[in-house]
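Per the UniProt record's numbering, the very first residue in the sequence shown carries number 1; after that it's consecutive.
This report concerns only the one structure given below.
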Amino acid sequence: MSSEPSAPAPAGPRLRRVAVLVLEGAKPLDVGIPAQVFTTRASMPYEVRMCGSSPGLVTGGDGLSYHVAHGLDALGWADLVFVPGYRFPDRESPPADVVAALVAARSRGARLAAISTGAFALAATGLLDGRRATTHWHYARALAERHPRVRVDENVLFVDEGGVLTSAGAASGIDLCLHILRGDLGVAASNHAARRLVAAPYRSGGQAQYVPRSVPEPLGERFAATREWALRRLGEHLTLQVLARHAAVSPRTLSRRFVEDTGYTPMQWVMRARVDVARELLERSERGVEQIAADVGLGTGANLRLHFQRILGTTPSEYRRTFARGE
């Protein structure tokens, strides 16, 4: 009988490598989402490493700190790098070594994925220039102003631009992770992860439905009285001429100055105000869609559904299921 040693068992497929880059002020839910979704287990062929600018303690947001085992070298190891959101992203840029490490990771083929305000760190690399991106709705305007070459879309849950991906608020990080899983492992694996997380495999709509109001804060006080007057009469027949008559200016003057104040034409603003009132009625009342449409001046349920989908990216029924208050 031969005494030769047996050949070693063939190695299994290499685990996909995921690095979670924890920056100063990192938000705990944002940090935990990719670590939870891509956790190393038999059903998930991923290895996850938590890293920072250097190994050790990282001061996070919300009174928490993180002890990370790895520094920026993990970005050179990873196939996929997550940048969780962090506090006050609009006040200063991430450290130069972090920006350089992200650029280097992307240049060798790693995908970069930002959760919420982590988009500011990706934008600082220049890798989002000329591309669509999103972030938490509260910071969307700041991202657009700080990085004007980025095409900020504040009405979506996430954006996949191939090698760089961004998501809206923290919960949208789950949507982004499940989207990545679908691409990597298929629908069955993504659905299995969603069940484990007790999360929806797909969510309808975008983050526009989570913004407190569709009507923006006015930038000036011109026509404030007319706006207030219109808000009390949304169920009536409001036209540009009617609004201009109340404001005691010509329709042309009202249109020009109204856009300067609000970013919308008068009739666009009225439409968004009507949708906002419809949102409140869907949340707080049991009125049907047809009645709500009539109450807010949109005429029919079909018209309400049309504008609801266009402005909020969802339907009145889906919105009511999500936000209606229980007794």
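A virtual CB, placed ideally from N, CA and C, is assigned to each residue, including glycine.
Residue of Arg279, Gly297 and Leu15 minimising C-alpha distance to Glu318: Of the listed residues, the one whose Cα sits closest to Glu318 is Arg279.
Cα-Cα separation, Val56 to Ala42: It should be noted that the sequence gives Gly, not Val, for residue 56. Gly56 and Ala42: Cα-Cα distance of roughly 29 angstroms.
Asp261 to Val275 span [Cα, whole Å]: 20 angstroms
Endpoints, beta strand (DSSP E) assigned at Arg17: Arg16 to Leu21
Euclidean distance between Cα positions of Ala142 and Tyr264: 19 angstroms
Rounded straight-line distance, which links the Cα of Glu283 to that of Arg321: Distance between the alpha carbons of Arg321 and Glu283 is about 9 angstroms.
Stretch pair the region 97-110 + the region 147-156: three plus CB contacts closer than 8 angstroms: no
Neighbourhood of Ala244 by C-beta distance below 7 angstroms, restricted to the same chain and skipping five residues each side: Ser250, Pro251 and Leu254
Separation of Ala170 from Ala133, as counted between CA atoms: 15 angstroms
Straight-line gap, Gly183 to Val22 (C-alpha atoms, nearest Å): 25 angstroms
Identity of the residue in Phe38, Tyr46, Pro34 and Gln36 nearest Arg14 by Cα: Tyr46
Alpha helix (DSSP H) runs contained entirely in the region 59-120, provided each spans 4 or more residues: 73-77 and 96-107
Beta-carbon proximity check, Val48 vs Val83, cutoff 8 angstroms: no
Leu165 - containing beta strand (DSSP E), residue span: Val164 to Ser167
Three-way DSSP call (helix, strand, coil) for Glu154 in this model: coil
Check: Ala121 C-beta below 7 angstroms from any heavy atom of the ligand SAH: Absence of the ligand SAH is noted for the structure shown, with no ligands found whatsoever.
Proximity winner among Leu281, His307, Gly301 and Thr300, relative to Met267 (alpha-carbon distances): His307
Member of Trp137, Leu165, Ala119 and Ala114 whose CA lies at the smallest distance from the CA of His147: Ala119
Selection from Leu231, Gln241 and Ser285 that minimises the alpha carbon distance to Met271: Leu231
For Asp129, the three-state DSSP class (helix, strand or coil): Look at Asp129 here: in three-state DSSP terms it is coil, with no helix or strand label.
DSSP beta-bridge partners of Val159: Thr166
Cβ-Cβ separation, Gly25 to Gly60 (assumed contact under 8 angstroms), whole Å: 6 angstroms
Cα-Cα separation, Arg257 to Ser285: 36 angstroms
Proximity to Ser53 [Cα-Cα], best of Met44, Asp62 and His67: His67
Rounded C-alpha distance that separates Val259 from Ala101: C-alpha separation (whole angstroms): 42 angstroms.
Cβ separation of Leu181 and Ala200, assumed to be a contact under 8 angstroms, to the nearest whole Å: Contact flag wrong, Cβ pair sits at about 14 angstroms.
Closest by C-alpha distance to Val296, when choosing among Arg91, Arg233 and Asp73: Arg233
With 16 other Cβ atoms within 10 Å as the buried cut-off, status of Thr239: exposed
Whole-angstrom C-beta distance between Ala168 and Ser116, which should lie under 8 angstroms: 7 angstroms
Local conformation of Tyr46 per DSSP, three classes: strand
Three-way DSSP call (helix, strand, coil) for Arg233 in this model: Here Arg233 sits in coil by DSSP.
Where Arg245 sits in the DSSP three-state scheme: helix
Neighbourhood of Arg305 by C-beta distance below 8 angstroms, restricted to the same chain and skipping five residues each side: Val289, Thr315 and Pro316
CA nearest to the CA of His179, picked from Pro34, Lys27, Pro28 and Val20: Pro34
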